[in-house]
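Using the numbering used here, you'd call the opening residue of the first sequence number 1 and step up by one each time.
First the structure, in the form of structure tokens, and then the observations on it.
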Amino acid sequence: MAGLFYKNCFVIGIIVLNFKAMVDFDYVLFDLETTGLSPTNSKIIQIAAIRMINGRCLDSDMFFSYVNPGCPIPPWITHFTGITNKHVNSAPTVQEVILQFSKFTGNSTLIAHNAHRFDMRFLEAVCTQSRLPIRVVPYHDSISLSWMLWGRQNHRHGLDAIVARLGIACDNYKRHDARGDVLLLAKAVEIMWKKLEHAGMPVRLPVYHGLLPRI
DNA sequence: GCTAGGCAGGAACCCCTCCTCCCCT
1 MAGLFYKNCF VIGIIVLNFK AMVDFDYVLF DLETTGLSPT NSKIIQIAAI
51 RMINGRCLDS DMFFSYVNPG CPIPPWITHF TGITNKHVNS APTVQEVILQ
101 FSKFTGNSTL IAHNAHRFDM RFLEAVCTQS RLPIRVVPYH DSISLSWMLW
151 GRQNHRHGLD AIVARLGIAC DNYKRHDARG DVLLLAKAVE IMWKKLEHAG
201 MPVRLPVYHG LLPRI
């Protein structure tokens, strides 16, 4: 597929598929918890992922690890996420964890919420700052599904707003913990795709390309 | 009590720059 620039996005192509075609792909949905918002100044402290095959998320096929950030976790982040220094002190380094995450991902396409502006930038920052041997992986941003369903301008598209619109009960998910968030995201993605299918809307998801350690 | 960085998109203007908002932890 030919490469192109789309409004300064690193977009390689636009996949135009219907739902039946899309479910033939394997996806890995993932979520990060970090010590802040900036990929250059903040560190990853949790990674969780779940595999989606044939349009269904496999609860039994998950990846999870704490990450030792090599620095104290700011108190407001502990307050926000519930992740303490005790959780991460004995955890593996980020280089070790994202290598394992890369192995778990395999040849699947990644999906995360706000991936293009947040999660993938953290993974790319680790790869480049650590000078790890890298590979290019395709990914989607699940925020695109929400834009398609409800329109970009008229609604909010944060994960909380989406799950509220979908009527998903959050009680069963521990928010702001990567495991809880990725399960909630998986549920939301499953429902949004089904809604698009039932509405007969063609799924046009931008395909971005990011970096993971070479496996 | 402490809460940040940067993309994307729009406006204004003429293709860059500036501004504001979203969204993530």
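Glycine included, C-beta positions come from ideal geometry on N, C-alpha and C.
When burial is assigned at 16 or more other CB atoms within 10 Å of the CB, is residue i buried or exposed?
i	result
LYS43	buried
ASP119	buried
PRO218	In this structure the chain extends from 1 to 215, so residue 218 is not present and cannot be described.
ASP130	The identity of residue 130 in the sequence shown is Ser, whereas the question assumes Asp. Exposed is the call here.
ASN18	At ASN18, the pLDDT of 48 sits below 50, so the modelled position is not reliable and the matter cannot be decided from this model.
PRO202	exposed
THR35	buried
ALA178	buried
SER144	buried
SER60	exposed
ALA188	buried
ALA161	exposed
Would you report the Cα separation of residue i and residue j, rounded to the nearest angstrom?
i	j	result
LYS7	LEU149	Because LYS7 carries a pLDDT of 35, less than 50, the predicted location of this residue cannot be relied on, and the following value inherits that uncertainty. Approximately 21 Å, taken between the alpha carbons.
LEU32	ALA199	31 Å
LYS195	THR93	40 Å
LEU58	ILE191	15 Å
PRO69	ALA164	32 Å
MET62	SER102	13 Å
GLN95	VAL28	19 Å
SER38	PHE25	31 Å
GLN153	ASN41	31 Å
GLN100	PHE122	16 Å
TRP193	LEU166	12 Å
GLU197	VAL182	22 Å
ALA48	ILE215	19 Å
HIS155	HIS113	16 Å
Just to confirm my understanding: we take residue i, look at its own chain, exclude 5 residues before and 5 after, and list those with CB closer than 8 Å. What are they?
i	result
CYS127	ILE98, ILE134, LEU211, LEU212 and PRO213
LEU184	LEU159, VAL163, ILE168, CYS170, TYR173 and ARG175
PRO74	THR35 and GLY36
TRP147	HIS157
What are the partner residues of residue i, as DSSP defines its beta bridges?
i	result
ASN68	THR93
GLN46	GLU33 and TYR66
ILE134	PRO213
HIS116	The partner list for HIS116 (beta bridge, DSSP) is empty, contrary to what the question assumes.
ASP141	ALA112
TYR27	MET52 and THR109
LEU183	LEU183 is not bridged to any residue.
CYS57	MET52
Report all residues from its chain with a CB closer than 6 Å to the CB of residue i; omit the five preceding and five following residues, and keep chain order.
i	result
GLY180	TYR173 and LYS174
ALA169	none
ILE77	THR35
ALA186	LEU29, ILE50 and CYS57
THR105	VAL28
PHE64	ALA48 and ARG179
Identify, in the order they occur along the chain, each residue of the same chain with its Cβ nearer than 7 Å to the Cβ of residue i, setting aside the five sequence neighbours on each side.
i	result
TYR66	ILE45, GLN46, HIS87, VAL88 and ALA91
GLU124	GLY210 and LEU211
Cβ contact check for the segment 44-53 and the segment 130-143: 3 or more pairs under 8 Å: The segment 44-53 makes no contact with the segment 130-143; the number of CB pairs closer than 8 Å stays below 3.
Contact the segment 75-84 vs the segment 106-118: 3+ CB pairs below 8 Å: Segments in contact, no.
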